[in-house]
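K.L.:
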Amino acid sequence: MGKFDTYFLMGIDDILEYTLEKLPDIGWDKATMQAKEIGDGNLNYVFRVWDEQGHSVIIKHAGVSLRISEDMKVSTDRNRIESEILQLNDKYAPGMVPKIYFYDTVMSACGMEDLSDYQLMRYALMNHETFPCFAEDISTFMVNTLLMTSDVVMEHQAKKELVKSFISPELCKITEDLVLMEPYNDINGNNHVFAPNKEFVKKELYEDAALHLEVAKLKFKFMTDAQALMHGDLHTGSIFVRPDSTKVFDPEFATYAPMGYDVGNVVANLIFAYDNGLAAGDDAFCDWCLKTIEVTMDLFIAKFNKKFDEAATEPMAKVPGFKKWYLEGILNDTAGYAGTELHRRTVGMANVKDVTTIADESKRAWVERLNILCGKDYIMNQAKFRTGADFVAAVKRAQEAAE
Ligand code: SR1
Ligand code: MG
Numbered sequence: 073m074g075k076f077d078t079y080f081l082m083g084i085d086d087i088l089e090y091t092l093e094k095l096p097d098i099g100w101d102k103a104t105m106q107a108k109e110i111g112d113g114n115l116n117y118v119f120r121v122w123d124e125q126g127h128s129v130i131i132k133h134a135g136v137s138l139r140i141s142e143d144m145k146v147s148t149d150r151n152r153i154e155s156e157i158l159q160l161n162d163k164y165a166p167g168m169v170p171k172i173y174f175y176d177t178v179m180s181a182c183g184m185e186d187l188s189d190y191q192l193m194r195y196a197l198m199n200h201e202t203f204p205c206f207a208e209d210i211s212t213f214m215v216n217t218l219l220m221t222s223d224v225v226m227e228h229q230a231k232k233e234l235v236k237s238f239i240s241p242e243l244c245k246i247t248e249d250l251v252l253m254e255p256y257n258d259i260n261g262n263n264h265v266f267a268p269n270k271e272f273v274k275k276e277l278y279e280d281a282a283l284h285l286e287v288a289k290l291k292f293k294f295m296t297d298a299q300a301l302m303h304g305d306l307h308t309g310s311i312f313v314r315p316d317s318t319k320v321f322d323p324e325f326a327t328y329a330p331m332g333y334d335v336g337n338v339v340a341n342l343i344f345a346y347d348n349g350l351a352a353g354d355d356a357f358c359d360w361c362l363k364t365i366e367v368t369m370d371l372f373i374a375k376f377n378k379k380f381d382e383a384a385t386e387p388m389a390k391v392p393g394f395k396k397w398y399l400e401g402i403l404n405d406t407a408g409y410a411g412t413e414l415h416r417r418t419v420g421m422a423n424v425k426d427v428t429t430i431a432d433e434s435k436r437a438w439v440e441r442l443n444i445l446c447g448k449d450y451i452m453n454q455a456k457f458r459t460g461a462d463f464v465a466a467v468k469r470a471q472e473a474a475e
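73 is the number of the first residue of the sequence shown in the working numbering; add one for each residue after it.
#1: Could you check whether the Cβ of N341 sits closer than 8 Å to any heavy atom belonging to the ligand SR1?
#2: Would you kindly check if the distance between the Cβ of V129 and the Cβ of F98 is under 9 Å?
#3: Just to confirm, is the Cβ distance from L92 to K102 under 9 Å?
#4: Rounded to the nearest angstrom, what separates S155 and K275 at their Cα positions?
#5: State yes or no: is the C-beta of D112 nearer than 8 Å to some heavy atom of the ligand SR1?
#6: Beta-carbon within less than 7 Å of I365's beta-carbon, same chain only, minus the 5 sequence neighbours each way: which residues are those?
#7: Quick test of your reading: A329 and V235, contact by CB under 8 Å. State the CB separation rounded to the nearest angstrom.
#8: Quick one: using the 10 Å Cβ neighbour count with 16 as the cut-off for buried, is E440 buried or exposed?
#9: For M331 versus K291, is the C-beta spacing smaller than 9 Å?
#10: Quick check: G167 and Y175, are their CB atoms within less than 9 Å of each other?
#11: Kindly indicate the opening and closing residues of the alpha helix (DSSP H) around I365.
#12: Residue range of the beta strand (DSSP E) that W438 falls in?
#13: What does DSSP give as the partner residue(s) for F272 in the beta ladder?
#14: Between which residues of its own chain and T412 is the CB-CB distance below 8 Å, once the five residues before and five after are set aside?
#15: Does the beta carbon of S310 fall short of 8 Å from some heavy atom of the ligand MG?
#16: On the DSSP letters alone, give me the boundaries of the alpha helix (DSSP H) that D86 sits inside.
#17: Mind checking whether T385 and V225 have CB atoms under 9 Å apart?
#18: Does the distance between the C-beta of T247 and the nearest non-hydrogen atom of the ligand SR1 fall short of 8 Å?
#19: According to the neighbour-count rule (16 or more other Cβ atoms, all chains shown, within 10 Å of its Cβ), is N199 buried or exposed?
#20: Does the beta-carbon distance from T217 to L285 come in below 9 Å?
#21: Just mark P387 as buried or exposed, buried being the case when its beta carbon has 16 or more other beta carbons within 10 Å.
#22: When you compare the stretch 239–246 with the stretch 259–278, are there three or more beta-carbon pairs, one atom per stretch, that lie closer than 8 Å?
#23: Using 8 Å as the threshold, is the stretch 356–372 in touch with the stretch 200–215, meaning 3 or more CB pairs across them?
#24: Near A345, what residues of its chain come up, given a Cβ to Cβ distance below 6 Å and the 5 sequence neighbours on each side ignored?
#25: Return the Cβ separation of T318 and G304 in integer angstroms, given the expectation that the two are a contact with Cβ distance under 8 Å.
#26: Between the C-alpha atoms of A410 and Y333, what's the straight-line distance to the nearest angstrom?
#27: Taking 8 Å as the cut-off, is the C-beta of V136 nearer than that to any heavy atom in the ligand SR1?
#28: Report back the beta-carbon spacing between R458 and L403 to the nearest angstrom; my notes put them in contact at under 8 Å.
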């Protein structure tokens with residue numbers, strides 16, 4: 073038996089040997105080969121391996137429990153799901169995801185393209201850098217990966233095979249609990265509420281029965297509406313950027329669910345970048361964030377309509393009026409899940425550094441109230457968000473109300 077024929081949690085000392093075994097044809101310069109653990113997500117271990125001859129690779133490795141919590145056990149099959157979905161994404165949105173070199177179901181690890189000439193979008197945004205291609209790129213990625221895996225386009229039996237292959241009940245449960253329940257009741261005691269806003273959170277999130285009803289509907293929609301193979305965690309920590317290019321990675325939460333879950337995540341995470349700019353008084357950066365939300369949504373709508381006309385195969389989807397009804401449903405969901413993402417990243421277990429690193433307590437409390445109020449507006453008034461400008465106007469309204 074070889075060292076890597078039985079699963080164990082690899083450490084930095086194992087990674088060079090593992091890389092040589094799995095990728096022997098790269099022409100590694102063994103004398104200068106090095107590895108570093110670079111992951112900062114909540115779940116996995118991510119190693120960069122390189123040598124001084126210019127060869128490099130990323131090895132992503134799943135543990136049996138999560139980095140964020142030893143008590144949370146999640147199937148290591150997530151690594152297989154992620155690798156297969158990235159390969160599928162590359163088919164529908166070529167060049168917009170890292171290349172997968174191999175995946176290994178024994179060690180629950182995969183080797184992928186090293187994107188060291190890119191930055192993690194969340195950190196770049198925290199430095200108030202802007203990315204002129206982002207709205208164009210991310211709207212293309214979402215339309216292509218979502219619409220093309222839906223029943224509108226796919227042969228229905230083939231689509232059901234994908235539903236079967238990409239279901240990860242434990243990862244779905246994380247979303248069902250952490251995103252679509254705990255921010256509203258802290259039933260498991262996981263929430264991280266910023267102390268100055270404790271009373272505000274109690275009144276606005278924990279005690280609002282009308283809000284709870286709408287979130288309950290969103291939760292059941294997430295659990296039962298197998299609309300498209302969505303990424304499932306499309307926040308700015310799952311996106312690499314360069315001024316001229318965008319790459320989406322980390323789709324381990326992918327599952328068949330409403331398309332608006334992904335689109336809403338993008339909107340909400342641009343609002344977290346806006347929060348950071350607001351606290352720093354960086355007006356130019358704030359304007360870019362809002363413009364990017366507006367343009368992303370408008371491009372998403374325009375490209376969706378065009379792609380639907382080009383690619384729909386289901387005869388009943390071509391019935392007059394269906395496309396409008398279907399897109400309106402996606403926009404409702406986008407608003408709803410943007411709202412739940414705004415809430416869960418503000419008061420839930422997994423917060424975002426854009427907000428938690430704001431040193432001035434009163435400014436942090438202010439932008440957190442903005443997130444909570446904007447999220448409520450999105451959830452409670454889903455049918456009112458039909459254009460990019462509508463999504464932006466809610467941010468401005470919440471900003472004023474949060475003062
Ligand atoms: C317990 S995992 C917490 C969060 O990290 C991931 O990135 C997902 O967003 C998940 O909800
Ligand atoms: Mg992740």
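Note that the Cβ used here is the ideal one computed from N, Cα and C, for glycine as well.
None of the values given here were measured: they were computed from a predicted structure.
P.N.:
In short, the structure shows the following:
#1: As a first step, residue 341 is located in the sequence shown; it is residue number 269 there, counting from the start. With a threshold of 8 Å, the Cβ atom of N341 does not count as near the ligand SR1, since no heavy atom of the ligand is closer than that.
#2: Locating residue 98 in the sequence shown gives position 26, counting from the first residue. Locating residue 129 in the sequence shown gives position 57, counting from the first residue. Going by the sequence as given, residue 98 is Ile instead of Phe. Yes, these two residues count as a Cβ contact at 9 Å.
#3: Along the sequence shown, one-based indexing puts residue 92 at 20. Along the sequence shown, one-based indexing puts residue 102 at 30. Yes.
#4: In the sequence shown, the residue the question calls residue 155 occupies position 83. In the sequence shown, the residue the question calls residue 275 occupies position 203. Cα atoms of S155 and K275: separation of roughly 42 Å, rounded to the nearest angstrom.
#5: Translated into the one-based positions of the sequence shown, residue 112 becomes position 40. For the ligand SR1, not one heavy atom lies less than 8 Å from the Cβ of D112.
#6: Locating residue 365 in the sequence shown gives position 293, where the first residue counts as 1. Sequence-distant partners of I365 (beyond 5 residues in either direction) whose C-beta falls short of 7 Å from its own C-beta, in its chain, are V339, L342, G460, F463 and V464.
#7: Walking along the sequence shown from the start, residue 329 turns up at place 257. Walking along the sequence shown from the start, residue 235 turns up at place 163. About 10 Å; that fails the 8 Å criterion.
#8: Counted from its first residue, the sequence shown places residue 440 at position 368. Around the Cβ of E440, a 10 Å sphere holds 16 or more other Cβ atoms; the residue is buried.
#9: Mapped onto the sequence shown, residue 331 falls at position 259. Mapped onto the sequence shown, residue 291 falls at position 219. In this structure, K291 does not lie closer than 9 Å to M331 by Cβ.
#10: By 1-based counting over the sequence shown, the position of residue 167 is 95. By 1-based counting over the sequence shown, the position of residue 175 is 103. The Cβ-Cβ distance between G167 and Y175 does not fall below 9 Å.
#11: Numbered from 1 along the sequence shown, position 293 holds the residue referred to as residue 365. It spans D355 to A383 - the alpha helix (DSSP H) in which I365 sits, taken as one unbroken run.
#12: Position 366 of the sequence shown, counted from the first residue, corresponds to residue 438. Run containing W438: none in the beta strand (DSSP E); it sits in the alpha helix (DSSP H), E433 to M452.
#13: Position 200 of the sequence shown, counted from the start, is the residue given in the question as residue 272. For F272, which the question treats as bridged, DSSP gives no partner whatsoever.
#14: The residue you call residue 412 lines up with position 340 of the sequence shown. Result list for T412: V251, L252, P255, V287, L290, G336, G447 and I451, in chain order.
#15: Position 238 of the sequence shown, counted from the start, is the residue given in the question as residue 310. With a cut-off of 8 Å, the C-beta of S310 is classified as near the ligand MG, since at least one heavy atom of the ligand falls inside that distance.
#16: As a working note, residue 86 is residue 14 in the sequence shown. Element bounds for D86: I84 to K94.
#17: Position 313 of the sequence shown, counted from the first residue, corresponds to residue 385. Position 153 of the sequence shown, counted from the first residue, corresponds to residue 225. The answer is yes: Cβ separation under 9 Å.
#18: Reading the sequence shown from its first residue, position 175 is the one you call residue 247. T247: yes, Cβ under 8 Å from the ligand SR1.
#19: Sequence index remark: in the sequence shown, residue 199 carries index 127 (1-based). For N199, the number of other beta carbons within 10 angstroms of its own is below 16, and it is reported as exposed.
#20: In the sequence shown, the residue the question calls residue 217 occupies position 145. In the sequence shown, the residue the question calls residue 285 occupies position 213. T217 places its beta carbon 9 Å or farther from that of L285.
#21: Indexing the sequence shown from 1 puts residue 387 at position 315. P387 should be labelled exposed.
#22: No, the stretch 239–246 does not touch the stretch 259–278.
#23: Judged by Cβ distances under 8 Å, the stretch 356–372 makes contact with the stretch 200–215, as three or more pairs qualify.
#24: Counting from 1 along the sequence shown, the entry for residue 345 is found at position 273. The beta carbon of A345 sits closer than 6 Å to those of L197, C361 and D426, all from its chain and outside the five residues before and after it, given in chain order.
#25: For the purposes of this step, residue 318 is taken as residue 246 along the sequence shown, with counting starting at 1. For the purposes of this step, residue 304 is taken as residue 232 along the sequence shown, with counting starting at 1. T318 to G304, Cβ: 18 Å. No contact.
#26: Mapped onto the sequence shown, residue 410 falls at position 338. Mapped onto the sequence shown, residue 333 falls at position 261. It is roughly 7 Å from the alpha-carbon of A410 to the alpha-carbon of Y333.
#27: Reading the sequence shown from its first residue, position 64 is the one you call residue 136. Incorrect: V136 has no Cβ contact closer than 8 Å to the ligand SR1.
#28: By one-based count along the sequence shown, residue 458 stands at place 386. By one-based count along the sequence shown, residue 403 stands at place 331. Taking C-beta atoms under 8 Å as the contact rule, R458 and L403 qualify, at a distance of about 6 Å.
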